[in-house]
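Here the sequence shown is numbered in the working numbering, starting from 485 and rising by one per residue. Here is the structure we will look at.
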Amino acid sequence: MTVIRAVAAAKLNLYLHVLGRREDGYHLLDSLVGFATAHDVVEVESTPYFSLSLHGPNALTLLMEDTDSNLVTRAAKGLAAALGRRPEVTVKLTKNLPLASGIGGGSADAAATLRALCALWDVPPDSPAVLDLAARLGADVPVCLHARTAHFGGTGTDLAPAPALPEECWVVLVNPGVAVPTPAVFQARDGAFSAPARLEMEAADAAELAGLLKDGRRNDLAPAAERLNPVIGQVLAALESTTGCHLARMSGSGATCFGLYTCADRAVAAAALISRARPRWWVQPGALLNDLSGLEVLEGATLL
Ligand code: C5P
Numbered sequence: 485m486t487v488i489r490a491v492a493a494a495k496l497n498l499y500l501h502v503l504g505r506r507e508d509g510y511h512l513l514d515s516l517v518g519f520a521t522a523h524d525v526v527e528v529e530s531t532p533y534f535s536l537s538l539h540g541p542n543a544l545t546l547l548m549e550d551t552d553s554n555l556v557t558r559a560a561k562g563l564a565a566a567l568g569r570r571p572e573v574t575v576k577l578t579k580n581l582p583l584a585s586g587i588g589g590g591s592a593d594a595a596a597t598l599r600a601l602c603a604l605w606d607v608p609p610d611s612p613a614v615l616d617l618a619a620r621l622g623a624d625v626p627v628c629l630h631a632r633t634a635h636f637g638g639t640g641t642d643l644a645p646a647p648a649l650p651e652e653c654w655v656v657l658v659n660p661g662v663a664v665p666t667p668a669v670f671q672a673r674d675g676a677f678s679a680p681a682r683l684e685m686e687a688a689d690a691a692e693l694a695g696l697l698k699d700g701r702r703n704d705l706a707p708a709a710e711r712l713n714p715v716i717g718q719v720l721a722a723l724e725s726t727t728g729c730h731l732a733r734m735s736g737s738g739a740t741c742f743g744l745y746t747c748a749d750r751a752v753a754a755a756a757l758i759s760r761a762r763p764r765w766w767v768q769p770g771a772l773l774n775d776l777s778g779l780e781v782l783e784g785a786t787l788l
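See the structure below:
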């Protein structure tokens with residue numbers, strides 16, 4: 485039986501501006517999204533019934549929840565319904581990324597499920613039915629389905645090309661173990677709305693990228709997330725204090741933060757230092773990616 489594997493990489497909002505609020509409460513955003521090497525893995529295989537199996541270090545919370553509410557189930561059943569077929573498939577999710585943590589874990593899993601099932605069922609992943617379903621599953625699903633460095637606008641659905649990120653750009657991801665509900669952070673946000681700040685030029689290295697990101701670009705959700713969860717301030721301070729960290733910033737609505745480094749050794753040393761000081765925090769060194777092809781080769785995944 486053919487097993488198709490797709491990777492669900494952590495998405496990082498390198499900056500995130502809130503431009504306004506729609507009548508329905510959703511916010512209009514402007515963000516530069518890149519992907520990191522930290523990832524979940526989704527495998528799909530045809531079976532005469534639907535089933536979801538959960539594995540990996542962060543599967544426990546999901547195991548306690550109703551399977552039908554899992555974004556992977558909603559992606560698989562939603563795609564089957566859109567194509568007028570039965571969801572006769574078993575999906576295996578290996579959950580490495582922390583949940584509800586601003587790096588799009590659930591959205592990345594849903595997007596990887598769509599990519600894997602499109603390959604299994606021979607459907608182009610950029611067909612209107614798939615793109616429409618992605619947008620309905622969640623604000624971060626379209627960019628995770630795109631799986632390449634991109635700017636997004638609107639509520640997350642309007643994707644636009646962005647300059648490539650530097651080839652050698654190392655990151656450390658740190659999550660302090662608090663799950664942050666996105667709606668609460670949007671509600672707690674105050675202050676004026678921001679202007680869009682799309683990146684026009686390619687940065688040569690991590691230091692230059694950090695300079696561009698510091699130049700009038702922020703995560704507008706960070707002050708509210710920090711007020712709700714003061715530990716986020718400690719995470720940022722821990723990253724900033726490490727040697728070689730050019731920029732420390734929160735991703736999405738938190739609580740995961742990332743540091744940018746020019747040098748892999750410095751990123752690994754920073755991660756080791758933070759892990760030793762805070763053994764309960766989730767700390768992952770890795771690299772920034774412009775697309776997921778390298779990761780898919782590493783995981784022996786079908787290139788989708
Ligand atoms: O789409 P997703 O499930 O990721 O969004 C979670 C919540 O975050 C929404 O219910 C909404 O409260 C808030 N949100 C928002 N504006 C966006 C995206 C999300 O207000 N563009």
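Cβ atoms here follow ideal geometry from the backbone N, Cα and C, with glycine treated the same way.
Interface flag, residue i vs chain C, CB-CB below 8 Å
{"i": "residue 630", "result": "Chain labels in this structure do not include chain C; a single protein chain is all it has."}
Which residues DSSP lists as bridging residue i, in chain order
{"i": "residue 519", "result": "495 and 773"}
{"i": "residue 500", "result": "515 and 703"}
{"i": "residue 632", "result": "775"}
{"i": "residue 745", "result": "654"}
{"i": "residue 731", "result": "744"}
{"i": "residue 488", "result": "528"}
{"i": "residue 766", "result": "659"}
{"i": "residue 505", "result": "511"}
Nonlocal neighbours in the same chain, by C-beta distance under 8 Å from residue i, ignoring five residues either side
{"i": "residue 614", "result": "563, 566, 598, 602, 607, 608 and 629"}
{"i": "residue 680", "result": "501, 503, 514 and 637"}
{"i": "residue 705", "result": "500, 502, 669, 670, 673, 734, 736, 737 and 738"}
{"i": "residue 642", "result": "636"}
{"i": "residue 620", "result": "562"}
{"i": "residue 727", "result": "750, 753 and 754"}
{"i": "residue 717", "result": "710"}
Opening and closing residue of the beta strand (DSSP E) in which residue i lies
{"i": "residue 739", "result": "It is not in any beta strand (DSSP E) - residue 739 carries neither H nor E in the DSSP assignment."}
{"i": "residue 539", "result": "535-539"}
Residue i and residue j closer than 8 Å at C-beta
{"i": "residue 546", "j": "residue 579", "result": "yes"}
{"i": "residue 769", "j": "residue 654", "result": "yes"}
{"i": "residue 650", "j": "residue 600", "result": "no"}
{"i": "residue 551", "j": "residue 652", "result": "no"}
{"i": "residue 525", "j": "residue 556", "result": "no"}
{"i": "residue 489", "j": "residue 684", "result": "no"}
{"i": "residue 493", "j": "residue 776", "result": "yes"}
{"i": "residue 665", "j": "residue 595", "result": "no"}
{"i": "residue 573", "j": "residue 780", "result": "no"}
{"i": "residue 592", "j": "residue 495", "result": "yes"}
{"i": "residue 722", "j": "residue 764", "result": "no"}
{"i": "residue 743", "j": "residue 656", "result": "yes"}
{"i": "residue 497", "j": "residue 713", "result": "no"}
{"i": "residue 719", "j": "residue 741", "result": "yes"}
{"i": "residue 560", "j": "residue 534", "result": "yes"}
Cβ neighbours of residue i in the same chain (closer than 7 Å, five flanking residues each side left out)
{"i": "residue 698", "result": "731"}
{"i": "residue 640", "result": "513, 623, 624, 626 and 627"}
{"i": "residue 701", "result": "499 and 681"}
{"i": "residue 693", "result": "649, 650, 653, 687 and 744"}
Cutoff 6 Å; reference residue i; Cβ partners in own chain excluding five residues on either side
{"i": "residue 767", "result": "658, 755, 758 and 759"}
{"i": "residue 633", "result": "518, 646, 649 and 774"}
{"i": "residue 505", "result": "511"}
{"i": "residue 590", "result": "555"}
{"i": "residue 487", "result": "527 and 529"}
{"i": "residue 682", "result": "635"}
{"i": "residue 605", "result": "none"}
{"i": "residue 588", "result": "495, 624 and 628"}
Start and end residues, alpha helix (DSSP H) containing residue i
{"i": "residue 717", "result": "715-724"}
{"i": "residue 620", "result": "612-621"}
* Asked: Which residue spans inside the region 543-592 form an unbroken alpha helix (DSSP H) run of at least 4?
  -> 544-548 and 555-567
* Within the region 635-697, ranges of the alpha helix (DSSP H) (whole runs, at least 4 residues) -> 666-672
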